[in-house]
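Notes follow once the structure below has been shown.
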Amino acid sequence: MLRIALVTAVILLVPLVAMQFTREVNWTLGDFVVAGGLLMGTGLLFDLAVRKIRTQKARLITIGAIALGFLFVWTELAVGIVGSPFAGS
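Take the position in the sequence shown, starting the count at 1, then add 90; the result is the number in my numbering.
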């Protein structure tokens with residue numbers, strides 16, 4: 091779990107550093123919290139799938155489904171594909 095938290099923190103450093111050099115990246119604390127939760131949750135689900143699922147095929151299908159779910163939620167929050175109340179602009 092510590093490794094997942096460290097990877098999440100390193101990924102979140104990218105927009106934090108970018109905010110220091112450009113006005114194009116303008117994340118709020120809420121953006122960092124949501125992104126951190128999504129990244130951490132996805133990492134924990136990946137770890138659970140790798141540890142608990144025995145067959146390679148089932149593991150790959152599960153990890154693929156988790157990755158697609160992550161990408162869908164991230165995209166919905168960023169640009170609003172399906173028009174949820176949480177969609178970005």
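Note that the Cβ used here is the ideal one computed from N, Cα and C, for glycine as well.
Treat the numbers as computed from the prediction; the structure is a model and nothing was measured.
Within 10 Å of its beta-carbon, does residue i have 16 or more other beta-carbons around it, so buried, or fewer, so exposed?
i, result
"L129", "buried"
"T112", "exposed"
"T98", "buried"
Between the options, which has its C-alpha nearest residue i's C-alpha?
i, options, result
"G133", "G159, V172 and A148", "G159"
"V123", "V107, I153 and L102", "L102"
"D137", "K147, I153 and G126", "I153"
"D121", "W164, S174, L96 and L135", "W164"
Quiz item: Is the stretch 105-123 in contact with the stretch 131-148, if contact means three or more CB pairs nearer than 8 Å?
Solution: By the criterion of at least three beta-carbon pairs nearer than 8 Å, the stretch 105-123 is not in contact with the stretch 131-148.
Exercise. Could you tell me which uninterrupted alpha helix (DSSP H) segments, each at least 4 residues in length, are contained entirely in the stretch 101-144, listed from first to last along the chain?
Key: Segments of the alpha helix (DSSP H) lying fully in the stretch 101-144: 119-142.
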